[in-house]
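K.L.:
In this note's numbering, the protein residues as written are 190 to 416.
For every residue, glycine included, the Cβ atom is placed at its ideal position computed from N, Cα and C.
(1) Under three-state DSSP, which class holds residue 302?
(2) Identify which residue in 301, 221, 203, 202 has its Cα closest to the Cα of residue 317.
(3) Given 6 angstroms as the limit, tell me if residue 412 has its C-beta closer than that to any heavy atom belonging to the ligand GTP.
(4) Taking 8 angstroms as the threshold, find out whether the segment 399-407 comes into contact with the segment 276-291 through three or more Cβ pairs.
(5) Assuming residue 221 and residue 239 are in contact, meaning their beta carbons sit under 8 angstroms apart, how far apart are those beta carbons, in whole angstroms?
(6) Only counting the same chain, and skipping five residues up and downstream in sequence, which positions put a Cβ closer than 7 angstroms to that of residue 202?
(7) So which of 223, 346, 354, 386 has the shortest CA-CA distance to residue 193?
(8) In chain order, which continuous runs of the beta strand (DSSP E) of length 3 or greater are located wholly inside the segment 323-369?
(9) Start and end of the alpha helix (DSSP H) containing residue 397?
(10) Going by other Cβ atoms of all chains shown within 10 Å of its Cβ, with 16 needed for buried, is residue 218 buried or exposed?
(11) Are residue 394 and residue 386 close, meaning C-beta to C-beta below 7 angstroms?
(12) Could I get the ranges of all uninterrupted beta strand (DSSP E) runs contained in the segment 215-278, with 3 residues as the minimum, in chain order?
(13) What residues are listed by DSSP as bridge partners for residue 412?
(14) In the DSSP assignment, what residue or residues form a beta bridge with residue 385?
(15) Does the pairing of the segment 243-256 with the segment 333-342 give three or more beta-carbon distances under 8 angstroms?
(16) Taking residue 227 and residue 353 to be in contact with their CB atoms under 8 angstroms, please state how far apart those CB atoms are, rounded to whole angstroms.
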């Protein structure tokens with residue numbers, strides 16, 4: 190992976206966390222005090238530990254495996270709920286799928302909203318396609334939105350990709366092509382495409398592998414319960 194790509198990803202997460210631009214440039218551990226959550230982030234060999242001050246010593250004592258384990262973080266917190274757990278991957282090369290220029294897409298956000306109405310609610314919530322900055326939706330011959338991809342821009346540097354398909358449009362290769370369209374659009378815009386895969390999501394893992402994404406870390410977030 191290009192060294193500049195790594196630098197951009199590190200800078201993006203530093204800004205997302207409200208840290209100095211150079212805070213995540215070096216390997217090692219960085220601690221951040223925050224009262225409402227416990228969050229661990231690994232980027233290459235850099236670990237970010239976010240927690241209320243009383244929990245930071247116990248969090249810092251965990252090994253790398255436990256830091257990426259939602260159950261371990263919940264045990265440490267005592268109360269709370271996991272609101273995010275994912276493997277992080279990035280990509281810095283254009284997709285060359287032969288169907289990229291053949292597939293017709295609609296960039297209208299309303300098409301993404303219409304697609305969400307035809308998909309399982311859990312998938313809609315996880316992907317958040319209609320909330321993304323850029324979307325590409327493919328319609329069936331009758332005009333019905335059936336599959337889409339898009340990305341949300343993080344800190345003006347990284348494009349967090351997502352794909353969503355209606356049940357009848359799955360396993361047809363549409364998501365693969367649409368994701369490739371989103372990847373290339375992000376790269377053309379000067380952004381680094383990122384791919385987040387939750388635990389046990391084998392389909393997302395396969396899609397990320399097919400696109401050529403390279404794992405760079407993981408992130409777990411626990412929202413603390415007041416009281």
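P.N.:
Let me lay it out:
(1) Position 113 of the chain shown holds residue 302. If DSSP states are grouped into helix, strand and coil, residue 302 belongs with the helices.
(2) On the chain shown, residue 317 is found 128 positions in, with the first residue counted as 1. Among 301, 221, 203, 202, the Cα nearest to that of residue 317 is on 301.
(3) This structure simply doesn't include the ligand GTP, nor any ligand for that matter.
(4) Yes, the segment 399-407 is in contact with the segment 276-291.
(5) Sequence index remark: in the chain shown, residue 221 carries index 32 (1-based). Sequence index remark: in the chain shown, residue 239 carries index 50 (1-based). Their Cβ separation, rounded to whole angstroms, is 4 angstroms, which keeps residue 221 and residue 239 in contact under 8 angstroms.
(6) Start at 1 with the first residue of the chain shown, and residue 202 comes out as number 13. Excluding positions up to five away in sequence, the list reads 213, 230, 232.
(7) By 1-based counting over the chain shown, the position of residue 193 is 4. Nearest option by C-alpha distance: 346.
(8) 323-328, 334-343, 347-354
(9) What you label residue 397 is simply residue 208 of the chain shown in a count that begins at 1. Run containing residue 397: 391-400, per the alpha helix (DSSP H) assignment.
(10) Position 29 of the chain shown, counting from 1, holds the residue named residue 218. Its Cβ having fewer than 16 others within 10 Å, residue 218 is exposed.
(11) As a position in the chain shown, residue 394 is number 205, starting the count at 1. As a position in the chain shown, residue 386 is number 197, starting the count at 1. In this structure, residue 386 lies closer than 7 angstroms to residue 394 by Cβ.
(12) 217-222, 226-232, 235-240
(13) To locate residue 412, count along the chain shown from 1; it is residue 223. Partner(s): 226, 270.
(14) If you number the chain shown from 1, residue 385 lands on position 196. BP columns for residue 385 point to 277.
(15) Contact between the segment 243-256 and the segment 333-342 is absent, because fewer than three Cβ pairs lie under 8 angstroms.
(16) Numbered from 1 along the chain shown, position 38 holds the residue referred to as residue 227. Numbered from 1 along the chain shown, position 164 holds the residue referred to as residue 353. Contact flag wrong, Cβ pair sits at about 29 angstroms.
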